[in-house]
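Enquirer:
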Amino acid sequence: MIFPNELNLADLVVIGLLSAGLLLSLLRFWLGPSTPDRIIAVDTLSVLITASMVAMSLWFDNQIYLDVALVYVVLAFIGVIALARLIERGNQ
Amino acid sequence: MYQFASFVFLLGFLFLISVITGFLPLGEPPMLVGQVIQNNAASETGASNFVTSVVLGYRGIDTLGELSILFAAATAGSLVLSGLKQKSIESGDAGFLVKSASELFFPLLIVVGLYIVLHGHLTPGGGFQGGVILAAAFFLPLLAKPSKSINSLALGLIEGLSGAAFIIIGLIALFNEGAFLKPFFENGELGSLISSGTLPLLYIAVGLKVGAELASLLNLLNQEEVNDS
Amino acid sequence: MIEAFVLILVIIMLAAALSALLLDNLIAATASASAVSIALATIFIILRAPDVAMTEAVVGTGLSSLILVLGLKRLKLWQLDTQSDNEEVK
Amino acid sequence: MIPDISSILFSGAIGLLVIGVGGLLLSNNAYRVLLALVIAEAGANLMLVIAGYRWDAIAPILTGDFTPQPMVDPVPQAMVLTAIVIGVGVQALALTLIIRVKKAYGTLNMVEIKKRMEMDFDRLSQEANQPGKLEDNS
Chain A
1 MIFPNELNLA DLVVIGLLSA GLLLSLLRFW LGPSTPDRII AVDTLSVLIT ASMVAMSLWF
61 DNQIYLDVAL VYVVLAFIGV IALARLIERG NQ
Chain B
1 MYQFASFVFL LGFLFLISVI TGFLPLGEPP MLVGQVIQNN AASETGASNF VTSVVLGYRG
61 IDTLGELSIL FAAATAGSLV LSGLKQKSIE SGDAGFLVKS ASELFFPLLI VVGLYIVLHG
121 HLTPGGGFQG GVILAAAFFL PLLAKPSKSI NSLALGLIEG LSGAAFIIIG LIALFNEGAF
181 LKPFFENGEL GSLISSGTLP LLYIAVGLKV GAELASLLNL LNQEEVNDS
Chain C
1 MIEAFVLILV IIMLAAALSA LLLDNLIAAT ASASAVSIAL ATIFIILRAP DVAMTEAVVG
61 TGLSSLILVL GLKRLKLWQL DTQSDNEEVK
Chain D
1 MIPDISSILF SGAIGLLVIG VGGLLLSNNA YRVLLALVIA EAGANLMLVI AGYRWDAIAP
61 ILTGDFTPQP MVDPVPQAMV LTAIVIGVGV QALALTLIIR VKKAYGTLNM VEIKKRMEMD
121 FDRLSQEANQ PGKLEDNS
C-alpha cells in the first residue's frame, strides 16, 4: 500500500481539509485576475503542502520527513520574496 | 503546417510513452543492484542514508563529473555574459519588512544549511541541498539591498579549495586503498554523527563548492548591463 | 480517499504545468513553474524518496525561481500587464 | 470512481513529459521554451522515481533501531538527485544565452530570431566568399 497504517477518522478529516484547501487555492490560481493573486495562491499552496508533509511524517511513522518540511518552508519563503520584489520593481 | 506536424508528433509521443508504461508494473522493481546495495551498504560504508552511500561511495566518480558539469555551466555563463559591460542594479532598497526579515533569516539559514550538510549521511539532504541553502542565505541580503554585491574573489577561492579537497581525498584513497574515492576511515557506529569514514568530509567539500558556485552565479545574474548602445 | 489525495496533487501539478505554458504574464508563468515543483516534491515524499523530495523542493522552489526571477529582471520583462506573449517591452 | 494509484502516478509523469515536449515544440517565446524544458525534466525525474518504487517498503534511510527492512530502490533516487542538480546548471546557462540573444537581437520571438540569424549567416558567408577580404583580415 502507498500508506502503511490504517487511517482513523482524524486522519480522514485532515486529508479532507488539506484537499479542500489545495483545491481552493488552485481555483484562486486559475481564476486570479492579476499576478499578485496568483503569487499569493502559490504561497498558500506551499504552506498547505508543508502541512501535508508534516502529516505524512505522522502517517509514515518516520521523523526524517520533518527535515524535508523544514527545508521546504524556508526556501519557499525566499522564492516568494524574490517574486514579490520583482513585482515591486515593476510598479515603480 | 509546423503546428500540425508538432501535434501529430505529440500524439505519437503520448502513445509511445503510454504503451511503454503500460508494460511497467508499479511497485515491483527488479532491483538487481539495489538489493545488493541494501544488503551491504550499512556494513561497507557505515552511512545510514543509503542514497548518500550510493552517491558518494558506489558512484563517487559520477558525483565528480556532476560537479565538473556544474562548474562548466557556471564558467560558461560568466563567459557568455562577460562581453556586456556590467554594473550593479541601482534600484531602491526593499521595504522595512523585507530588510528586517533578511537580517533575521541570515543566521537561521546558515544554521539550517550547515545542519543539512553535516547530517547528509544520517538524514535526507547532503551537500547539494545544503549548498543551495547556503547560496540562498548569502543571496538574501542582496535581494533586500540590490546595490551591494558579494566578494567574487573569496567565492572563487572557496570554490577552488573545496573542489581541490574533493579530488585530494579521492587521490589519498587511490594511493592508500587502491580505488579512487573509496571511503577509508573507520566506519564507526551506525547512526552517530562521526561515522561512515570520509563521506561527511566529501559532502562538506561538495556543499561548499556548490554553495560558492551558485552564489557567484546569482551574483552574476543580479547585475545589469550599461545601456550605452 | 487516499488515492483521491494523490489525484488532487497530480491535478494541481498538471494544471500548473499547463498554465506555465498558457499564461500571458511571464511572472505568473514563473510562479506556476514553481507550483509544479511544489506538488512534485509531495509526490516524491509519497513515493518514499525524501532525498529527491528535498532536492526538488530546494532547487525547484528556491533556486530555480531565484534564477528565473533574476533573468526576468535582466530581460526587462517585469512589467505587470504585457498584452501578448511576443510583444516587446521597451 | 477513483482510478487506481499506478495509473494516477503514471498519468502524472506522462502528462508532465507531454506538456513539456509540447511547450518546447509549440511555444514562440524563448523564455517559455526554458520553462517547458524545466517541466519536461520534472516529468522524466518522476518517471525514474516511480520505476524504483516498491510496495510495503520504507525510505532508503535507516532510522530507529537500524533493523533491516525492505526498502525502495536507492539507485534511481541517486540518479534523479544528480539529474536535478545538473538540470539547474543547464537552466542557468540557457538563461544567460537568452539574455545574450535579447541583447543582440532585441527580441525573444523565436521566428524573428531565426530569421535574423540566417540573415547574419548569409552576410558572413558572402563576406568570406569575396576575394580579397581574407587578406584584409589577416
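So the protein sequences, as listed, match chains A, B, C and D. Each residue of the first sequence is one higher than the one before, counting from 1 in the working numbering. Each residue of the second sequence is one higher than the one before, counting from 1 in the working numbering. Each residue of the third sequence is one higher than the one before, counting from 1 in the working numbering. Each residue of the fourth sequence is one higher than the one before, counting from 1 in the working numbering. All C-beta atoms in this analysis are idealised placements derived from N, C-alpha and C, irrespective of residue type, glycine included.
Nearest to C:LEU22 by CA position, among D:GLY52, D:GLN69, D:MET119, D:ARG32, is which residue?
Expert: Here residue 22 of chain C refers to the residue found at position 22 when the third sequence is read from its first residue. Nearest of D:GLY52, D:GLN69, D:MET119, D:ARG32 to C:LEU22, Cα basis: D:ARG32.
Enquirer: Give the straight-line distance between the Cα atoms of B:ALA101 and D:LEU124, rounded to the nearest whole angstrom.
Expert: Stepping through the second sequence from its first residue, residue 101 of chain B is reached at position 101. Stepping through the fourth sequence from its first residue, residue 124 of chain D is reached at position 124. Approximately 53 Å between the Cα atoms of the pair.
Enquirer: What do you get for A:GLN63, buried or exposed, if any count of 16 or more other CB atoms within 10 angstroms of its CB means buried?
Expert: What you label residue 63 of chain A is simply residue 63 of the first sequence in a count that begins at 1. Per the 10 Å Cβ criterion, exposed.
Enquirer: Here's the rule I'm using: 16 or more other beta-carbon atoms within 10 Å means buried, otherwise exposed. How should A:SER57 be labelled?
Expert: Translated into positions along the first sequence, residue 57 of chain A becomes position 57. With 16 or more other Cβ atoms within 10 Å, it is buried.
Enquirer: Contact check, D:THR107 vs D:ILE113 under 8 Å by CB: the rounded distance?
Expert: The residue labelled residue 107 of chain D in the question sits at position 107 within the fourth sequence. The residue labelled residue 113 of chain D in the question sits at position 113 within the fourth sequence. D:THR107 to D:ILE113, Cβ: 6 Å. Contact.
Enquirer: Looking at the strands, I want to know which residues DSSP matches up with D:MET71.
Expert: Here residue 71 of chain D corresponds to residue number 71 of the fourth sequence, with the count starting at 1. Answer is D:ILE58, bridged to D:MET71.
Enquirer: How is D:ASN45 classed by DSSP in three states: helix, strand or coil?
Expert: Sequence index remark: in the fourth sequence, residue 45 of chain D carries index 45 (1-based). If DSSP states are grouped into helix, strand and coil, D:ASN45 belongs with the helices.
Enquirer: Nearest to B:ALA144 by alpha carbon, out of B:LEU16, B:LEU97, B:LEU108?
Expert: For the purposes of this step, residue 144 of chain B is identified with residue 144 of the second sequence, where counting begins at 1. Of the listed residues, the one whose Cα sits closest to B:ALA144 is B:LEU97.
Enquirer: Quick check on DSSP: helix, strand or coil for D:ASN109?
Expert: Position 109 of the fourth sequence holds residue 109 of chain D. If DSSP states are grouped into helix, strand and coil, D:ASN109 belongs with the strands.
Enquirer: Taking 9 Å as the CB-CB limit, is D:ALA57 close to chain C?
Expert: In the fourth sequence, counting from the first residue as 1, residue 57 of chain D sits at position 57. Closer than 9 Å: yes.
Enquirer: Along chain A, in chain order, which residues have C-beta atoms closer than 7 Å to that of B:LEU32?
Expert: As a working mapping, residue 32 of chain B is identified with position 32 in the second sequence. Within chain A, no residue comes near B:LEU32; the closest Cβ sits about 24 Å away, beyond 7 Å.
Enquirer: Within the 9 Å Cβ cut-off, does D:ILE113 reach chain C?
Expert: The count along the fourth sequence starts at 1 and reaches residue 113 of chain D at position 113. Not one chain C Cβ lies under 9 Å of D:ILE113.
Enquirer: Which residues mark the beginning and the end of the alpha helix (DSSP H) in which B:PHE166 is found?
Expert: Taking the first residue of the second sequence as position 1, residue 166 of chain B is located at position 166. Note, B:PHE166: alpha helix (DSSP H), 152-177.
Enquirer: Mind listing the chain C neighbours of A:ALA82? Cutoff is C-beta to C-beta under 7 Å, in chain order.
Expert: Your numbering for residue 82 of chain A matches position 82 in the first sequence. SER65, LEU66, VAL69, listed in chain order.
Enquirer: Going by beta-carbon coordinates alone, are B:ASP93 and B:SER147 separated by less than 9 Å?
Expert: As a working mapping, residue 93 of chain B is identified with position 93 in the second sequence. As a working mapping, residue 147 of chain B is identified with position 147 in the second sequence. Yes.
Enquirer: Between A:ILE40 and A:SER25, what straight-line distance do the alpha-carbon atoms span, to the nearest angstrom?
Expert: Here the question's residue 40 of chain A lines up with position 40 in the first sequence. Here the question's residue 25 of chain A lines up with position 25 in the first sequence. Near 9 Å, if we compare the C-alpha coordinates of A:SER25 and A:ILE40.
Enquirer: Measure the Cβ-Cβ separation of A:VAL71 and B:ILE204 and say whether it is below 9 Å.
Expert: Along the first sequence, one-based indexing puts residue 71 of chain A at 71. Along the second sequence, one-based indexing puts residue 204 of chain B at 204. Against a cut-off of 9 Å, the Cβ pair of B:ILE204 and A:VAL71 comes out as no contact.
Enquirer: With three or more beta-carbon pairs closer than 8 Å as the criterion, would you say the stretch 200-215 of chain B touches the stretch 160-170 of chain B?
Expert: A contact exists between the stretch 200-215 of chain B and the stretch 160-170 of chain B.
Enquirer: For B:ASN49, which of helix, strand or coil comes out of DSSP?
Expert: Taking the first residue of the second sequence as 1, we reach residue 49 of chain B at position 49. B:ASN49: strand per DSSP, three-state reduction.
Enquirer: Under 8 Å by Cβ, that's how I've got A:ILE87 and A:PRO36 pegged, so tell me the actual separation to the nearest angstrom.
Expert: Numbered from its first residue, the first sequence carries residue 87 of chain A at position 87. Numbered from its first residue, the first sequence carries residue 36 of chain A at position 36. About 6 Å separates the two Cβ atoms, so the contact holds.
Enquirer: Ignore the nearest five residues each way along the sequence and tell me which others in D:MET71's own chain have a CB closer than 8 Å to its CB.
Expert: Looking up residue 71 of chain D in the fourth sequence gives position 71. Same-chain partners within the cutoff: ARG54, ALA57, ILE58, ALA59, PRO60.
Enquirer: What residues in its chain sit with their C-beta under 7 Å from that of B:ALA136, if we drop five residues either side in the sequence?
Expert: Counting from 1 along the second sequence, the entry for residue 136 of chain B is found at position 136. Only LEU109 meet the Cβ criterion.
Enquirer: Who are the near neighbours of C:THR42 in its chain, counting only those whose CB is closer than 8 Å to its CB and skipping five residues on each side?
Expert: Here residue 42 of chain C refers to the residue found at position 42 of the third sequence. Correct list, in chain order: LEU9, ALA53.
Enquirer: To be precise: take each residue of the stretch 127-139 of chain B, compare its Cβ to all Cβ atoms of chain C, and keep it if any distance is under 8 Å. Which residues remain?
Expert: Correct list: PHE128, GLN129, VAL132, ILE133, ALA135, ALA136, PHE139.
Enquirer: Going straight from the alpha carbon of B:PHE4 to that of B:LEU14, what length do you get?
Expert: Residue numbering aside, residue 4 of chain B sits at position 4 when the second sequence is read from its first letter. Residue numbering aside, residue 14 of chain B sits at position 14 when the second sequence is read from its first letter. One C-alpha to the other measures close to 15 Å.
Enquirer: Whose CA, out of B:GLU28, B:LEU174, B:LEU190, lies closest to the CA of B:PRO183?
Expert: What you label residue 183 of chain B is simply residue 183 of the second sequence in a count that begins at 1. Residue B:LEU174 is the option with its Cα nearest to B:PRO183.
Enquirer: Examine the ligand HEM and report whether any of its heavy atoms sits within less than 8 Å of the Cβ of C:LEU14.
Expert: Absence of the ligand HEM is noted for the structure shown, with no ligands found whatsoever.
Enquirer: Quick check: the stretch 76-89 of chain D against the stretch 13-31 of chain D, are at least 3 beta-carbon pairs closer than 8 Å?
Expert: Result no; under three Cβ-Cβ pairs closer than 8 Å.
Enquirer: Quick check on DSSP: helix, strand or coil for D:ASN29?
Expert: In the fourth sequence, residue 29 of chain D corresponds to position 29, counting from 1. Strand, per DSSP.
Enquirer: Could you pull the start and end residues of the alpha helix (DSSP H) that B:ILE69 belongs to?
Expert: Your numbering for residue 69 of chain B matches position 69 in the second sequence. Residues 60-81.
Enquirer: Going along chain B in order, which residues have a C-beta closer than 7 Å to the C-beta of C:GLY129?
Expert: Within the shown structure, residues of chain C are numbered from 1 to 90, placing residue 129 of chain C beyond reach of any answer.
Enquirer: Measuring straight from C-alpha to C-alpha, what distance separates C:LEU80 and B:GLU44?
Expert: Residue 80 of chain C sits at position 80 when you count from the first residue of the third sequence. Residue 44 of chain B sits at position 44 when you count from the first residue of the second sequence. Because C:LEU80 carries a pLDDT of 49, less than 50, the predicted location of this residue cannot be relied on, and no value is offered for it.
Enquirer: Let me see if you follow: with CB-CB separation under 9 Å, is C:ASP51 close to chain G or not?
Expert: The question asks about chain G, but that chain is absent: this structure's protein chains are A, B, C and D.
Enquirer: Output yes if chain D places a C-beta closer than 9 Å to the C-beta of A:ILE64; else output no.
Expert: Here residue 64 of chain A corresponds to residue number 64 of the first sequence, with the count starting at 1. Closer than 9 Å: yes.
Enquirer: Does the pairing of the stretch 48-63 of chain C with the stretch 121-136 of chain B give three or more beta-carbon distances under 8 Å?
Expert: Yes: at least three Cβ pairs fall under 8 Å.
Enquirer: Taking the straight line between their C-alpha atoms, what separation do you get for D:LEU26 and D:LEU34?
Expert: Counted from its first residue, the fourth sequence places residue 26 of chain D at position 26. Counted from its first residue, the fourth sequence places residue 34 of chain D at position 34. Cα to Cα, D:LEU26 sits roughly 12 Å from D:LEU34.
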